[in-house]
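S.K.: Chains as they are written, first to last, in this note's numbering: chain E, 1 to 418; chain W, 1001 to 1259. C-beta atoms are modelled at their ideal positions from N, C-alpha and C, and glycine is treated no differently. Keep in mind that this is a model prediction, so the values were computed, not measured. The structure is given below, and queries will be raised subsequently.
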């Protein structure tokens, strides 16, 4: 489907077709979600945010927040700092198969499907933004600017790299990261044409802390069966599409109506699972839907597209500007479970820690084809998890639908394993 | 005692088993085609007819396989991995601990505990390499009926390597070998080894005790020998290896108290 180098009229026709398909993917999923018995009016705020392509959603997010966008990939750039500079942090994500197909011809066959979809969507419509902040995480992300060029994306936004120390537990790594965050602050100030003051930063930290508290209640609702896992994922998917306070308010309204009547029996242990691995991005909800169909309930996850879409509350002990920036740097580096880190024992410990709280008996590990860090991690985690009595299944897939039946068969059998 | 019926609505064939109290009275198969429910129903009617019984004698129907949701009259639906394990475990007299199943479009390796429960399994992804489809393609290309695969491959004098189990690439490779005048029996033997390697890869190397092979391709003795050579362990095959999954589904009726 590549149209790089194609005559302008052909390129335009292909892109128009792709745009229609991208929109259709979202519309189909949203229509299916709206028809579910457990759909509530309170979900509409989130469904509306997701009602357009990701590129158009970006423009909507800018309008809703009343702030210029600052585009992000990955989860390590402190959102509070960006927010305090007057920007709306917008994570560019896409789960669109059509968008992925649009960019496929310009990239190696085993390129991360998520980034391929992002590039396809940006090709269709690179929403205006003040800039990009790119933490240098996996190999694919570090080649992102090159991929933008290869895919002929018309995006001239300034790119600011955050060099991410891969060793979290070493003091020099932490110091380097702190320096990176100070440099990011300077970049944001230059971009905004104004300084980031202590009070503005405190306000932003408080706004994201309220969002984190709301997310914690949502997590609890999911654990208790008051909120279906699919809806949890949908609500989290809408996080970057609205102003943080507006998203938090929508979550609070939802929480107010989540009654215990929908409780799934806690003792249904074999069906309760932890979902780990590569991000699952709207509208590619293939795996969450199949999990549901197989009778499995995701009661906790560590996906950077879901529960981990933003870090927890940043604990501030020193309210000076230095203290605030240091706290943010620590929170976004030390607390990050991304598999690009060399010392990442927290990842497996996080699963064990959540086991008692969420009461799951197994782990479903999602590997997006081409997502090498998670692929490797799936092999590393299997033995320690099984040794602790957790059943484990690794599912490697992409954005296509053709392996649905194969995945379902495996998930159904996995459910039966005691 | 009422009859129990197990149906395996697979990607290439519909297999049915009729039993009473777990004892198999009749087995049947037909090719998968549009209208799977109607085909399965006709298969059941044919079985009941041969047994001189009517639908009133049926206590329940259990369905498994890719098409399990397409059969409205099912009392129990069970995934094919669990059905495979249950069926083969029972039919092996409780001996099976390791199973390789080769279906029309998938390849599975299962490990069971002493009670026949699945403790672990592996399954190919969406690639059809090493599955029944692969053999169908070879039968067409080499113009050798599937039931003669073993006899023909035993005539091979040289040991060739078929580099790909990918259906698409293997097709080109086989065409190329034929064009070079390579004897068909040598291509066939190489194909058996290639599939055996893939199955062994799925199973892992820590295999102890015999491996039970089932699914339609298990009737191919050439493949059985190749797998035996690859795993260096005994490969056991039941008399009707393509019906174990349907039989396992039927056992789920008993477990559900319907049999």
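What is the residue span of the alpha helix (DSSP H) that residue 153 (chain E) lies within?
M.R.: No alpha helix (DSSP H) contains residue 153 (chain E), which DSSP labels as neither H nor E.
S.K.: For the region 400–413 of chain E, list every residue whose C-beta sits within 7 Å of some C-beta in chain W, in sequence order.
M.R.: Within the region 400–413 of chain E, the residues whose Cβ lies closer than 7 Å to some Cβ of chain W are 402, 403, 405, 406, 409, 410, 412, 413, listed in chain order.
S.K.: Going by Cα to Cα distance, which pick from W:1099, W:1033, W:1159 is closest to residue 1244 (chain W)?
M.R.: Cα-wise, what sits closest to residue 1244 (chain W) is W:1099.
S.K.: With DSSP run on the structure shown, which of helix, strand or coil describes residue 235 (chain E)?
M.R.: Residue state, collapsed to three classes: helix.
S.K.: Any idea if residue 353 (chain E) is buried or exposed, counting beta-carbon neighbours within 10 angstroms, 16 or more meaning buried?
M.R.: By the 10 Å Cβ count, residue 353 (chain E) comes out exposed.
S.K.: Given a cut-off of 8 Å on the beta-carbon distance, is the pair residue 209 (chain E) and residue 313 (chain E) in contact?
M.R.: The answer is yes: Cβ separation under 8 Å.
S.K.: When the cut-off is 8 Å and only beta carbons count, does residue 1066 (chain W) lie next to chain E?
M.R.: It does; some Cβ of chain E falls within 8 Å.
S.K.: Which residue wins for smallest C-alpha separation from residue 1141 (chain W), given the options W:1173, W:1240, W:1096?
M.R.: Ranking the options by Cα distance to residue 1141 (chain W), first place goes to W:1173.
S.K.: Can you pull the chain W neighbours of residue 396 (chain E), defined as C-beta to C-beta under 8 Å?
M.R.: In chain order: 1125.
S.K.: Strictly below 9 Å CB to CB, what residues from chain W border residue 280 (chain E)?
M.R.: The premise fails here: residue 280 (chain E) is roughly 17 Å from chain W at the closest Cβ pair, so nothing lies under 9 Å.
S.K.: With a threshold of 8 Å between beta carbons, is residue 1017 (chain W) in contact with chain E?
M.R.: No, no contact with chain E.
S.K.: So which residues of chain E does residue 1080 (chain W) contact, with C-beta pairs closer than 9 Å?
M.R.: What residue 1080 (chain W) touches in chain E: 409, 412, 413.
S.K.: Quick one, which of W:1171, W:1201, W:1202 has its alpha-carbon nearest residue 1188 (chain W)'s?
M.R.: Looking at the Cα atoms, W:1171 is the closest of the given residues.
S.K.: Would you mind telling me which residues of chain E sit closer than 8 Å to residue 1119 (chain W), beta carbon to beta carbon, in chain order?
M.R.: By Cβ distance, chain E contributes 417.
S.K.: With distances taken from CA atoms, which of E:407, E:107, E:94 is nearest residue 288 (chain E)?
M.R.: Nearest of E:407, E:107, E:94 to residue 288 (chain E), Cα basis: E:407.
S.K.: In terms of alpha-carbon separation, which member of W:1247, W:1238, W:1226 lies closest to residue 1160 (chain W)?
M.R.: Nearest C-alpha to residue 1160 (chain W): W:1226.
S.K.: Taking the continuous alpha helix (DSSP H) assigned at residue 172 (chain E), which residues delimit it?
M.R.: Looking at the DSSP string, the run of the alpha helix (DSSP H) that includes residue 172 (chain E) is 171–192.
S.K.: Buried or exposed for residue 1291 (chain W), please, with buried defined as at least 16 other CB atoms from any protein chain shown within 10 angstroms of its CB.
M.R.: Here chain W has residues from 1001 to 1259 only, and residue 1291 (chain W) is not among them.
S.K.: Tell me where the alpha helix (DSSP H) around residue 1194 (chain W) begins and ends.
M.R.: Residue 1194 (chain W) -> alpha helix (DSSP H) spans 1184–1203.
S.K.: Give the range of the alpha helix (DSSP H) segment to which residue 1047 (chain W) is assigned.
M.R.: Segment 1036–1050, the alpha helix (DSSP H) holding residue 1047 (chain W).
S.K.: Is there a Cβ of chain E sitting closer than 8 Å to that of residue 1106 (chain W), yes or no?
M.R.: Taking Cβ atoms only, chain E reaches closer than 8 Å to residue 1106 (chain W), which makes this a yes.
S.K.: Taking DSSP as the reference, what is the three-state secondary structure of residue 245 (chain E)?
M.R.: In this structure, residue 245 (chain E) counts as helix in the three-state DSSP scheme.
S.K.: Find the nearest neighbour of residue 33 (chain E) within the set E:286, E:374, E:396, judged by alpha-carbon distance.
M.R.: Cα-wise, what sits closest to residue 33 (chain E) is E:286.
S.K.: For residue 1114 (chain W), count neighbouring Cβ atoms within 10 angstroms of its own Cβ and tell me buried if that reaches 16, exposed if not.
M.R.: Residue 1114 (chain W) should be labelled exposed.
S.K.: In chain order, what residues of the same chain have a beta carbon less than 7 Å from the beta carbon of residue 222 (chain E), not counting five sequence neighbours either side?
M.R.: Same-chain partners within the cutoff: 229, 232, 299.
S.K.: Excluding the 5 residues preceding and the 5 following residue 1024 (chain W) in the sequence, name in chain order all residues of the same chain whose CB lies nearer than 7 Å to its CB.
M.R.: Same-chain partners within the cutoff: 1017, 1247.
S.K.: Which runs of the beta strand (DSSP E) spanning at least 3 residues fall entirely within the region 275–317 of chain E, listed in chain order?
M.R.: Runs of the beta strand (DSSP E) inside the region 275–317 of chain E: 297–301.
S.K.: Express the C-alpha separation of residue 383 (chain E) and residue 265 (chain E) in angstroms, rounding to a whole number.
M.R.: Summary for residue 265 (chain E): the model assigns pLDDT 46, below 50, so the residue's position carries little reliability, and this model does not support an answer.
S.K.: Please state whether DSSP places residue 82 (chain E) in a helix, a strand or coil.
M.R.: Residue state, collapsed to three classes: helix.
S.K.: Hey, residue 151 (chain E) and residue 110 (chain E) are a contact pair by Cβ (cut 8 Å); roughly how many whole angstroms apart?
M.R.: Contact flag wrong, Cβ pair sits at about 16 Å.
S.K.: In angstroms with no decimal places, state the Cα-to-Cα distance between residue 395 (chain E) and residue 237 (chain E).
M.R.: About 21 Å.
S.K.: So, are the CB atoms of residue 1241 (chain W) and residue 1215 (chain W) less than 8 Å apart?
M.R.: Closer than 8 Å, so yes.
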